[in-house]
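I have placed the structure first, in the form of structure tokens, so that the comments after it can refer back to it.
Numbering (the working numbering), first residue to last: 112 to 834.
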């Protein structure tokens, strides 16, 4: 399960399972390309499926496995149509090649946007179906009968008179047959793998310790490097004294690179000790005075002025002035770190004519090409092998390829295989972040309490500006990821205005699990709750009335309310809050039950979640991802904040950037709604609704309306004082 393909694309195509008399199937759409190798017909150039003579079925997975379950869900798509024995299926990471590019995002190999299943459903289903048809045709040929007289089932082809041949015995013959152009797919009623809770294929390796993460990579003669990084964003190196570090036994070199000063040693601990002994001076540059309070003041000033229009329906400002009741509020959320459990790392073995990289990447094509430019090589001279990722959340899909480039830079200097490892403090204090946001929002109600106008101004940095994606994703100055979840609210409000101020400063920003939805859902769903209470209406029923034309929103909303017992009594001091949000093609509603501790800490006791993600692959994976998203989002809602003082990030590790511990994890229930709609994502949609659900529940429990995340005891007490 933890296998990495340690060969070039050319060697992979030439060998694969051919040496065992197997079948490699190219499953790019359209089908039909094939090549000859080793005297046997194989399908090239892109192989997603390998069937061995031992009946093994290997699915080549072009998505990074970082805990979300793609090493199981994607093989399930193939296995369903292949009609193979699931016990014989395994998954391996694909090499980086055009054949494995994303089907929706253009000519790059990338894992992100909760698109793994959505983007590969058709391609992998057809791959399995084509192989099945070829195996059936091979058996029919062997038995001299019509293919219609045969059928595939559980890894064998069955024919007349109880004849049967396993896939392994048919593979070599099938490899010589033409590839079906449009293989028929199963009737959904006849599926026997999709929709079932199958155990994950990567679990055994992760349990027994054989799973290979980037930080586990080791080769003979390898060195390890730790880098002294600028304390301020944009600072540059003035000089350093490496005398003390160089005298430490095991330290092999100290070199200046673009990222800072790298101490290279026999192992990580020696490299870190050497790094800590360095005496480095920096030119701190223009951002040395950057601070969170100053940024907040500037953001608040901008929020009071019109921005670039992201959505305009009707005349919101005018209708707000005519409304029977008008509400205004300001919301804010801080910078957030990705805080992956496995710190960033990258192994590089650089030769004059080739380069080998082993790392946990979400952005293989971008990282490989950046490494090639840095090394002075062509992309095809760089082999990037994807290991397991100990968490990603977007951090390992960085357009700057920062952690890969710095490893190549060190390898160029030391001319030996080297692995660069960041401490958690390194990445938390000198990494990339979810932007800080400040929102001003206003709503107007008519005499019946229904909203007639909605005006929402958003202030924050763009994660797309300055990247290769700017031309496609920034329109008329508006970064779509900044306003997603706000500019497309589904509620029936006749007058809506959403505008945006895009700020600039030295803090590097990047997508973070659920991207713009992570902050906009909090603002939208919290403020809608404010409107419901101002109207004197039940927050659940208020949403229902405004979502009359949105059946999928209503299904999850009604399901979560029913499963949570929305109208049932709660203990004194406990409140329920509700939120519903669409993101990444899926619809999620959550109800949180929250009480308030004497010290002002919000205690989340229970979370009920309903999701409609369209067609289901593995319900266990869906439930796990909802639970994961809820805990991830809850960590940010209750504790998460990156703050700056004198240009420096104040947090460094889990002691001051807290995540939800087991003792504080609520009871979580996940309810999956059956659907025949196209598949949606599940890796990110569980995150956006949790913060507003908790904030709304806290208000129901205590009357404290907290509009600034995280919901610290100090902020809760301040909100109580404002009641």
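Note that the Cβ used here is the ideal one computed from N, Cα and C, for glycine as well.
Q. Residue 211 by DSSP, collapsed to three states: which one?
A. For the purposes of this step, residue 211 is taken as the residue at position 100 of the chain shown. Here residue 211 sits in helix by DSSP.
Q. Per DSSP, what kind of secondary structure is residue 814 in: helix, strand or coil?
A. Residue mapping note: residue 814 aligns to position 703 of the chain shown, counting from 1. In the three-state DSSP reduction, residue 814 falls in the coil class, being neither helix nor strand.
Q) Where in the stretch 405 to 484 do unbroken runs of the alpha helix (DSSP H), each at least 4 residues long, occur, reported from the N-terminal end onward? A) Those alpha helix (DSSP H) runs which fall completely within the stretch 405 to 484 and span 4+ residues are 427 to 433.
Q.
Tell me the DSSP secondary structure of residue 809 in three-state form.
A. Working through the chain shown from its first residue, we reach residue 809 at position 698. Residue state, collapsed to three classes: helix.
Q: Compute the Euclidean distance between the alpha carbons of residue 371 and residue 521, then round it to the nearest angstrom.
A: Along the chain shown, read from residue 1 onward, the residue named residue 371 stands at position 260. Along the chain shown, read from residue 1 onward, the residue named residue 521 stands at position 410. Looking at the two C-alpha atoms, the distance is approximately 10 Å.
Q. For the stretch 318 to 400, which segments carrying the alpha helix (DSSP H) assignment without a break, of at least 4 residues, lie completely within its bounds, in sequence order?
A. 354 to 357 and 379 to 388
Q: For the stretch 643 to 715, list the beta strand (DSSP E) runs that are entirely contained and at least 3 residues long, ordered along the chain.
A: 685 to 694 and 697 to 707
Q: For the alpha helix (DSSP H) holding residue 562, just list the boundary residues, first then last.
A: The residue given as residue 562 occupies position 451 in the chain shown. Taken as a continuous stretch (DSSP letters only), residue 562 belongs to no alpha helix (DSSP H), being part of the beta strand (DSSP E) at 562 to 572.
Q: Please determine, among 317, 190 and 313, the residue with the shortest C-alpha to C-alpha distance to residue 182.
A: Position 71 of the chain shown, counted from the start, is the residue given in the question as residue 182. It is 313 whose Cα lies nearest to the Cα of residue 182.
Q. Does the Cβ-Cβ distance between residue 186 and residue 200 come in under 8 Å?
A. Residue 186 sits at position 75 when you count from the first residue of the chain shown. Residue 200 sits at position 89 when you count from the first residue of the chain shown. In this structure, residue 200 lies closer than 8 Å to residue 186 by Cβ.
Q | Opposing strand residues paired with residue 756 [DSSP bridges] | A | The sequence position of residue 756 within the chain shown is 645, counting from 1. The partner list for residue 756 (beta bridge, DSSP) reads 759.
Q | Local conformation of residue 610 per DSSP, three classes | A | On the chain shown, residue 610 is found 499 positions in, with the first residue counted as 1. Residue state, collapsed to three classes: strand.
Q: Go ahead and label residue 774 buried or exposed: buried means 16 or more other beta carbons lie within 10 angstroms of its beta carbon, across all protein chains shown.
A: Reading the chain shown from its first residue, position 663 is the one you call residue 774. Per the 10 Å Cβ criterion, exposed.
Q.
Are the CB atoms of residue 789 and residue 699 within a distance shorter than 8 Å?
A. Within the chain shown, residue 699 is the residue found at index 588, counting from 1. Within the chain shown, residue 789 is the residue found at index 678, counting from 1. Taking 8 Å as the Cβ cut-off, residue 699 and residue 789 do not qualify as a contacting pair.
Q.
Across the stretch 383 to 403 and the stretch 328 to 348, are there enough close Cβ pairs to call them in contact, namely three or more that are closer than 8 Å?
A. yes
(Q) Given this structure, state the Cα-to-Cα distance separating residue 738 from residue 226, to the nearest angstrom. (A) Residue 738 sits at position 627 when you count from the first residue of the chain shown. Residue 226 sits at position 115 when you count from the first residue of the chain shown. Each residue's alpha carbon lies about 19 Å from the other.
Q | Beta-carbon contacts of residue 403 that lie in its chain and below 6 Å, excluding the five residues immediately before and after | A | Numbered from its first residue, the chain shown carries residue 403 at position 292. Cβ within range, chain order: 754 and 755.
**Q.** Residues of its chain near residue 827, where Cβ-Cβ distance is below 8 Å and the 5 sequence neighbours each way are ignored
**A.** Within the chain shown, residue 827 is the residue found at index 716, counting from 1. So the list reads 707, 711, 712, 713, 809, 813, 815 and 817, once near-sequence residues are dropped.
Q: Taking 8 Å as the threshold, find out whether the stretch 641 to 654 comes into contact with the stretch 584 to 601 through three or more Cβ pairs.
A: no
Q. How is residue 172 classed by DSSP in three states: helix, strand or coil?
A. Position 61 of the chain shown, counting from 1, holds the residue named residue 172. Of the three classes helix, strand and coil, the one that applies to residue 172 here is strand, per DSSP.
Q. Which class does residue 630 belong to by DSSP, given the choice of helix, strand or coil?
A. Sequence index remark: in the chain shown, residue 630 carries index 519 (1-based). Note: residue 630 maps to helix in three-state DSSP.
Q. Using the rule of at least 16 other Cβ atoms within 10 Å of the residue's Cβ for burial, across every protein chain shown, is residue 451 buried or exposed?
A. Residue 451 sits at position 340 when you count from the first residue of the chain shown. Buried, by the Cβ-count rule.
Q) Does the count of Cβ pairs from the stretch 283 to 293 and the stretch 238 to 249 closer than 8 Å reach three? A) yes
**Q.** Helix, strand or coil at residue 182 according to DSSP, with G and I counted as helix
**A.** Within the chain shown, numbered from 1, the residue matching residue 182 stands at position 71. Reduced to three states, the DSSP call for residue 182 is helix.
Q) DSSP beta-bridge partners for residue 277? A) For the purposes of this step, residue 277 is identified with residue 166 of the chain shown, where counting begins at 1. According to DSSP, residue 277 bridges with 267.
Q: Express the C-alpha separation of residue 443 and residue 614 in angstroms, rounding to a whole number.
A: If you number the chain shown from 1, residue 614 lands on position 503. If you number the chain shown from 1, residue 443 lands on position 332. Residue 614 and residue 443: Cα-Cα distance of roughly 15 Å.
Q. Using a threshold of 7 Å, is the CB atom of residue 659 nearer than that to any non-hydrogen atom of the ligand FMN?
A. Inclusion of the ligand FMN in the displayed structure is not the case, the ligand content being empty and no account of it being possible.
Q. Going by C-alpha distance, which of 166, 216, 524 and 162 is nearest residue 579?
A. Against the chain shown, residue 579 aligns to sequence position 468. Residue 579 has its Cα closest to that of 216, out of 166, 216, 524 and 162.
Q. Taking C-alpha atoms, which residue in 233, 702 and 720 lies nearest to residue 295?
A. As a position in the chain shown, residue 295 is number 184, starting the count at 1. Closest option to residue 295, Cα to Cα, is 233.
Q | Simplified DSSP assignment, three categories, for residue 639 | A | Start at 1 with the first residue of the chain shown, and residue 639 comes out as number 528. In this structure, residue 639 counts as helix in the three-state DSSP scheme.
(Q) With a threshold of 8 Å, are at least 3 pairs of Cβ atoms found where one atom belongs to the stretch 766 to 785 and the other to the stretch 610 to 626? (A) no
Q.
Starting from residue 516, trace the alpha helix (DSSP H) in both directions and tell me its first and last residue.
A. One-based indexing of the chain shown puts residue 516 at position 405. Here the alpha helix (DSSP H) through residue 516 covers 513 to 525.
(Q) Taking the straight line between their C-alpha atoms, what separation do you get for residue 497 and residue 543? (A) Counted from its first residue, the chain shown places residue 497 at position 386. Counted from its first residue, the chain shown places residue 543 at position 432. Approximately 21 Å, taken between the alpha carbons.
Q. Looking at the structure shown, is residue 159 part of a helix, part of a strand, or coil, going by DSSP?
A. Working through the chain shown from its first residue, we reach residue 159 at position 48. In this structure, residue 159 counts as strand in the three-state DSSP scheme.
**Q.** residue 529 vs residue 406 beta-carbon contact at 8 Å
**A.** Taking the chain shown and counting its residues from 1, one reaches residue 529 at position 418. Taking the chain shown and counting its residues from 1, one reaches residue 406 at position 295. Result no, Cβ atoms of residue 529 and residue 406 do not sit closer than 8 Å.
Q: Using DSSP bridges, identify the partner residues of residue 534.
A: Taking the chain shown and counting its residues from 1, one reaches residue 534 at position 423. According to DSSP, which records beta bridges pairwise, residue 534 is partnered with nothing at all.
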